[in-house]
Amino acid sequence: MNPSWQLLLVLIISLEISFTHRLVANLILIVVAAIVLLRYHLQFKTYLRLLLIPAIPATALAVTIGFFSPAHDWWFAAVIASRIYAYVFLGATVTVTTTPLKLARSLEQNAHLNAKYAYGVLAAVNLAPRTISAIKTIRASARMRGIQLHFYSPILYFKAILLALRWSDQLVLAMESHGFVENQSRTVAEPILTSISDWLIVVMSIVILQVLLIAFP
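Every position in the sequence shown, counted from 1, becomes a number in this note's numbering once 242 is added.
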């Protein structure tokens with residue numbers, strides 16, 4: 243499926259379930275998203291993260307609503323918890339089925355997003371692992387000098403920001419050396435096409451969602 247249309251579909255569904263209280267519909271969305279993810283044979287750790295990480299905010303919200311709200315509405319607590327899992331599983335269908343590079347190219351070509359923003363976000367995503375590695379290096383070098391930098395130390399993040407600023411300058415030079423010129427027409431190395439099936443999937447999914455929201459209590 244075209245990445246831009248897939249992202250748009252997930253955003254529409256997520257926005258709509260944010261304003262509705264349909265527990266069964268949320269559960270069906272979670273199951274459908276899980277079935278889609280099963281097609282890609284993810285590692286067991288990935289499935290475990292999808293189940294355990296959302297459990298923290300989902301449990302916190304459910305307990306707060308169930309125990310401390312005036313109505314003690316456990317049904318609404320279940321709706322909120324299922325909504326969080328629906329967000330996570332729907333988002334995973336985008337992050338798992340497409341790469342950041344393909345999504346950036348699709349947003350540029352199909353959604354007509356400015357190339358500066360599309361590739362800027364892509365650069366930020368690709369720099370994330372490098373930033374984590376740099377923070378570990380900064381903490382290790384500080385320990386060698388007898389200085390303990392905790393995760394909340396301002397010095398740690400100040401040095402990380404300085405590194406990020408240096409990387410941004412290097413990235414600008416690299417993009418310009420590869421012929422990237424802002425506000426100029428660009429050729430396409432890998433065309434991202436939109437097919438009729440993409441339109442049908444989006445339209446049918448939205449129609450089915452309306453049926454679920456109307457049919458179930």
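Idealized CB from N, CA, C, for every residue including glycine.
Residue i, DSSP secondary structure in three states
| i | result |
| --- | --- |
| Asn352 | coil |
| Leu391 | coil |
| Arg281 | coil |
| Phe261 | coil |
| Phe309 | helix |
| Leu369 | helix |
| Gly333 | helix |
| Asn244 | coil |
| Pro433 | coil |
| Thr340 | coil |
| Ser427 | coil |
For residue i, the first and last residue of its enclosing alpha helix (DSSP H)
| i | result |
| --- | --- |
| Pro296 | From DSSP, Pro296 is part of no alpha helix (DSSP H); its letter is neither H nor E. |
| His446 | Position check: residue 446 holds Met in this sequence, whereas His was assumed. Per DSSP, Met446 belongs to the alpha helix (DSSP H) from Ile438 to Ala457. |
| Pro396 | Pro396 to Ser419 |
Buried or exposed (CB count within 10 angstroms, at least 16 for buried), residue i
| i | result |
| --- | --- |
| Lys401 | buried |
| Val449 | exposed |
| Arg264 | buried |
| Ser419 | exposed |
| Ile397 | exposed |
| Ile290 | It should be pointed out that residue 290 corresponds to Leu in this sequence rather than to Ile. Exposed. |
| Asn368 | exposed |
| Arg347 | buried |
| Val252 | buried |
If you pair each beta-carbon of the segment 322 to 340 with each one of the segment 361 to 369, do three or more pairs fall below 8 Å? no
Would you call the segment 331 to 343 in contact with the segment 272 to 290, where contact means no fewer than 3 C-beta pairs closer than 8 Å? yes
Are at least three pairs of beta-carbons, each pair with one atom in the segment 437 to 445 and one in the segment 380 to 390, less than 8 Å apart? Too few Cβ pairs lie closer than 8 Å, so no.
Taking contact to mean at least 3 C-beta pairs separated by less than 8 Å, is the segment 441 to 456 in contact with the segment 261 to 276? yes
Between the segment 371 to 380 and the segment 397 to 411, can you find at least three pairs of beta-carbon atoms closer than 8 Å? yes
Would you check if there are 3 or more beta carbon pairs closer than 8 Å linking the segment 284 to 300 to the segment 310 to 327? yes
Three or more C-beta pairs under 8 Å: does that hold for the segment 244 to 255 against the segment 349 to 360? Segments in contact, yes.
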